[in-house]
Structure formats: structure tokens, C-alpha cells
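Numbering (this note's numbering), first residue to last: 194 to 502. Glycine included, each C-beta is placed from N, C-alpha and C at the ideal position. Shown next, in C-alpha cells, is the structure this report addresses.
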Ligand code: BDR
Ligand code: CA
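Pasting the structure below:
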């Protein structure tokens, strides 16, 4: 059983990732969900996490709200992809249980310091602001973190918010720079891999056919993303970025990784948030693993099977 902290900005694909994690209690002990400003404003990402938690029936998991803005840059949401609420067109309600007291960054620092080295894995599916703040609050967490598994960055694929940057890194490049240059062991799910894992019609239909609250909500979220993908990008089948992070935690054999060094562009207005991924390194010294391939059918089989539970 892996102990995890799940840091996110729900977000349609964050929500599906949360459902996958909530549906896997025999594999993942979720110590806390922490939320951050990103896809929508911080109040909404915290509320959305509580909505998803309630649909999943997992009110045993605490939620802590975190950074309301990136470290240096002004907030820039991705409402065009996630809808005004952040949860597409999912019918919303006021969750019965709200967030717990305690800032996300402090909670991350405290939990990591109060567990054995390597015991806690961090899953990050939003801008890295909370983790960067936690590292600044308590630098010793870097040595104690199990792997940090993140969704962010792009190499071969180019960007999705600018020509050269992926949204999570671009939204807070300074935070991403702190995390990647900290020495923490990271597994990075960038667009190179998440663009291989798309909710095509057959995969979406398989989830829609499952009769659980989490599957019904996930199918609605995927259908919303697929419609946006058609309208804005012109493709069929939206990539499920954030669920790749949880799928990796549950079934790492579904992904191919390559050791690298990774630096984030923080200065250039043109390429801000670009991830420079260098494979010409000594692999034995690498702290960062870049995902290059995924078994997309395997990821969807896992998601569909877990959502049925
Ligand atoms: C990432 O950006 C967000 O909009 C998604 O939730 C995902 O985490 C993809 O670039
Ligand atoms: Ca996200």
C-alpha cells in the first residue's frame, strides 16, 4: 500500500484522476488531497475536490486548500478547457463536508517530515506551487520524499498553452524550477506520453456503460473534454493527462521511462515554461525519469475496471 499526497487543481482530468485514486483503496492510502489555483481559481479547485470526494463516497480523506496564486506570475486559468466551474458540465452541489484547516504547503511539509524517508509519494497534477512552497518551508523534505510523480512539461510534442510550454509548468514555471532543481526524485508525465492516452469513442463508451456514480461522472467529464478537444484542437479523443499519474502509481509497467536532466525556462517571454529535457547524461546519477511511452489500452482498462468498483 502506497501512502500518497495528491496535489491537484480540479479540473476535468484531475477529477477523473481523483476518481481513479479514490477507487483504489487497496493500493493507495491517500493521506491528503491538497489543492492549488490553476485550471480555475483556488476556491473552486478546493470546492471541486470536495464535490468529487463526495461522489466517490470518500469523505474519510482530508482536503487542504493551498496557494491562491503562482509564486511570481499572476494566475492564468484554463477555464476554456475545463468550463467555468472547472468540472465541465457536471451538475454541481455544495459538498456536505468542506476543506480541513491547514495550508496545503504546510500539510505537505508536516506529513513528509512526520513519516519515514521515502514513505510518502507525491502525486502532482496542477501547477507545482504548493510543493515549491513546502520545499521552501522545510527543505529537508526533498531527501524524505518518495518519488514525486507529476503531470507537466513537453519535449517531442511541443506545448499545449503556448508553442513550447505545457500548462502546469507554464502556469507557475518558478515553482516547477524549484521542484526540478531541488534534487527530489521525480517521474514526469509530460504531453509526450499523455497525448498517447486519449479517450476515443470506444474507451469513453466503455466507461459510460459502467453503472457507478464515479463512472457516470467520469464519462460525463470525458465527454465534455472530447467536445472541447473537437472544437479547440480539432482532434477526436481528448488526452487524459492527469489520470496517467495515478495509473503510473497503480501499474508502473504500463509506462516507459527514460532517465534525464530537466530544466525549466523561467526568463524568456517567448518560451516561458518550456521544459528542456536532456537524455545525454549519466543515467546512474539521474534523479528525474521522463515518460516516453504508455500502453493506452492498459491505462483505460485499469480506469474502467477501477471505476466499476
Ligand atoms: C494539464 O493542464 C491542465 O489543464 C490539466 O488539468 C492537466 O493537469 C495538461 O497540460
Ligand atoms: Ca490538472
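For residue i, the residue or residues it bridges with in DSSP
i           : result
residue 487 : 448
residue 257 : 227
residue 503 : Coverage of the chain is limited to positions 194 through 502, which leaves residue 503 absent and any answer about it impossible.
residue 287 : Partner(s): none; residue 287 has no beta bridge.
residue 341 : 315 and 379
residue 471 : 454
residue 481 : 379 and 453
Rounded straight-line distance, which links the Cα of residue j to that of residue i
i           : j           : result
residue 276 : residue 346 : 22 Å
residue 218 : residue 272 : 31 Å
residue 269 : residue 370 : 18 Å
residue 411 : residue 249 : 11 Å
residue 431 : residue 501 : 21 Å
residue 414 : residue 282 : 7 Å
residue 224 : residue 241 : 18 Å
residue 292 : residue 475 : 44 Å
residue 274 : residue 220 : 30 Å
residue 443 : residue 265 : 34 Å
residue 455 : residue 315 : 18 Å
residue 388 : residue 492 : 13 Å
residue 497 : residue 246 : 18 Å
residue 230 : residue 452 : 30 Å
residue 252 : residue 228 : 16 Å
residue 285 : residue 244 : 8 Å
residue 328 : residue 313 : 14 Å
residue 417 : residue 226 : 24 Å
residue 538 : residue 257 : There is simply no residue 538 to check, as the chain begins at 194 and stops at 502 in what is shown.
residue 233 : residue 201 : 11 Å
Burial state of residue i, where buried means 16 or more other Cβ atoms lie within 10 Å
i           : result
residue 203 : buried
residue 222 : exposed
residue 458 : buried
residue 435 : buried
residue 238 : buried
residue 289 : exposed
residue 307 : exposed
residue 356 : exposed
Residue i, DSSP secondary structure in three states
i           : result
residue 321 : coil
residue 359 : coil
residue 199 : strand
residue 309 : coil
residue 466 : coil
residue 505 : Since the first and last residues shown for the chain are 194 and 502, residue 505 lies out of range.
residue 232 : coil
residue 212 : helix
residue 268 : coil
residue 240 : helix
residue 460 : coil
Cutoff 8 Å: residue i Cβ touching any chain D Cβ
i           : result
residue 494 : Checking the listed chains, one finds no chain D in this structure; it contains a single protein chain.
Item to check | Continuous alpha helix (DSSP H) assignments of at least 4 residues falling wholly in the stretch 372-426 | outcome: Runs found: 384-387, 394-401 and 406-421.
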